[in-house]
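Q: Whatever position you read off the sequence shown (first residue = 1), add 42 for my numbering.
Could you have a look at this structure, given as structure tokens, before my questions?
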Amino acid sequence: MNRPKIVVLGTGGTLAGTSPAMHDNIGYTAAQLGIAQLLGAIPSLERVSLESEQVAQIDSKDMDEAVWTALAQRCAHWLAQEEVEGIVITHGTDTLEETAYLLHALLMPAKPVVLTCAMRPATALSPDGPQNIVDAIAVAGWPGARGVVAVCAGVVHGAPDVRKEHTYRLDAFGSGDAGPIGYVEESKLRLLRSWPEALAAAPHPLLSAPASGAPWPQVDIVTSHAGASARTVQSLVAGGTRGLVVAGTGNGTIHHALEAALLEAQAQGVRVMRTTRCPLGEVIGAEGGAFETAHGLSPVKARIALQLELMGRAA
Ligand code: SIN
Numbered sequence: 043m044n045r046p047k048i049v050v051l052g053t054g055g056t057l058a059g060t061s062p063a064m065h066d067n068i069g070y071t072a073a074q075l076g077i078a079q080l081l082g083a084i085p086s087l088e089r090v091s092l093e094s095e096q097v098a099q100i101d102s103k104d105m106d107e108a109v110w111t112a113l114a115q116r117c118a119h120w121l122a123q124e125e126v127e128g129i130v131i132t133h134g135t136d137t138l139e140e141t142a143y144l145l146h147a148l149l150m151p152a153k154p155v156v157l158t159c160a161m162r163p164a165t166a167l168s169p170d171g172p173q174n175i176v177d178a179i180a181v182a183g184w185p186g187a188r189g190v191v192a193v194c195a196g197v198v199h200g201a202p203d204v205r206k207e208h209t210y211r212l213d214a215f216g217s218g219d220a221g222p223i224g225y226v227e228e229s230k231l232r233l234l235r236s237w238p239e240a241l242a243a244a245p246h247p248l249l250s251a252p253a254s255g256a257p258w259p260q261v262d263i264v265t266s267h268a269g270a271s272a273r274t275v276q277s278l279v280a281g282g283t284r285g286l287v288v289a290g291t292g293n294g295t296i297h298h299a300l301e302a303a304l305l306e307a308q309a310q311g312v313r314v315m316r317t318t319r320c321p322l323g324e325v326i327g328a329e330g331g332a333f334e335t336a337h338g339l340s341p342v343k344a345r346i347a348l349q350l351e352l353m354g355r356a357a
């Protein structure tokens, strides 16, 4: 076997962002520096066997299905190489939780796939990206590590639980009721609970050509709120949506006008999935009701689960 290594896949984000002024932590442009340059600027990584690849260079608010497909396929490729101990993905914070969940659902990796990010650009007076990269690489090489996780500000979050919770703080992510998997301290992992569970056994068709080039089904999110109406649902159905995730109030309750439109959509063959807009907790006691529930997934993750399911396999 070749020398064990960790593969770092770059996708952009604030971590790769630059600003004309060092003191400016918000007026920057994301996704400007390449992954090789970012890694080359961290002296301690000279001791680690690394290979890097630029899979995309985007602000993650613009994440799309083409990048997701490419990223999942590159992960599958590298995970299959015996000498690869783990993968690190540098990613924007804004949709990191969605990519993490997608990879979790698609790859079921027995090796670690670690997403990391930054809240400050690379040119900041005190950037957080380099430390996050060092921590993520430590987790990717940690004995026994497995599954898709996110590492930010020294905290390790599981893909099913991770959620961006803060617009500005460096420690921007939380794991909700589940709590973090552990902490990274001076490149050592303090594990608090088990790694994310591996999912189903068969490879998803998305990972193989020609299925990888097929368009993803349109699945949309609607939110229940005071004064909600049927209009959004009706126009989405007219526009060809195949699935609707409803972010309900509280324990997944839905405004009566919106609920009537969702029942009508469901009768027309659109899949409807109930979630909650509450950041913590999950919809309980709704099994057997009018709509299926998302088993604790947030609305954005439920949307991905429904897309994958419509594409050919329950995620
Ligand atoms: C992005 O998500 O790409 C920009 C914002 C960030 O990384 O914090």
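Glycine is no exception: its CB is placed at the ideal position from the N, C-alpha and C atoms.
All figures in this text were calculated on a predicted structure; none of them were measured in a lab.
Between the C-alpha atoms of I276 and A201, what's the straight-line distance to the nearest angstrom?
A: Note that residue 276 is Gln in the sequence shown here, rather than Ile. About 33 Å.
Q: Rounded to whole angstroms, what's the CA-CA distance from S217 to V49? Just pull it up for me.
A: Approximately 25 Å, taken between the alpha carbons.
Q: Could you tell me how far apart the beta carbons of G134 and D106 are, in whole angstroms, since I believe they sit closer than 8 Å?
A: 13 Å between Cβ atoms; not a contact.
Q: Write down the C-beta distance between V97 and L144 rounded to the nearest angstrom, noting that I regard them as a contact closer than 8 Å.
A: Not confirmed; about 14 Å, so no contact.
Q: For A195, I'd like the list of residues in its chain whose CB is within less than 6 Å of its CB, leaving aside the five on either flank, ordered along the chain.
A: Cβ neighbours of A195 beyond the five flanking positions: L212, D213.
Q: Let me make sure I understand the geometry here. Which of H146, E140, N44, A309 has the alpha-carbon closest to that of V126?
A: If we check each option's Cα against that of V126, N44 comes out closest.
Q: Where do the ends of the alpha helix (DSSP H) carrying S277 lie?
A: 273 to 280 is the extent of the alpha helix (DSSP H) around S277.
Q: Only counting the same chain, and skipping five residues up and downstream in sequence, which positions put a Cβ closer than 7 Å to that of A118?
A: So the qualifying residues of the chain are L149, L249.
Q: Give the range of the alpha helix (DSSP H) segment to which E140 is assigned.
A: Start and end: 138 to 149.
Q: Excluding sequence positions up to five away, which residues of its chain have a Cβ less than 6 Å from the Cβ of P341?
A: Contacts found: I263, V287, A289, T317.
Q: For A347, which option in V155, E140, T295, S94 has the closest C-alpha, if you only look at C-alpha atoms?
A: Checking every option, the nearest Cα to that of A347 belongs to E140.
Q: When you compare each of C320, M315, L322 to E329 by their alpha carbons, which one comes out closest?
A: Closest option to E329, Cα to Cα, is M315.
Q: Three-state secondary structure (DSSP) at C117?
A: In the structure shown, C117 sits in a helix (DSSP, three-state: H, G or I).
Q: Taking 7 Å as the line, does the beta carbon of T111 fall inside it for any heavy atom of the ligand SIN?
A: No, the ligand SIN has no heavy atom inside 7 Å of this Cβ.
Q: Measure the Cβ-Cβ separation of K47 and S91 and say whether it is below 8 Å.
A: For K47 and S91, yes; Cβs fall inside 8 Å.
Q: Whose C-alpha, out of Y70, Q74, G189, is nearest the C-alpha of G128?
A: The shortest C-alpha separation from G128 is found at G189.
Q: Let me check one thing: in DSSP terms, what residues is I48 bridge-paired to?
A: Answer by DSSP bridge pairing, in chain order: L92, G128.
Q: Is any heavy atom of the ligand SIN found at a distance shorter than 7 Å from the C-beta of A72?
A: At least one heavy atom of the ligand SIN is nearer than 7 Å to the Cβ of A72, so yes.
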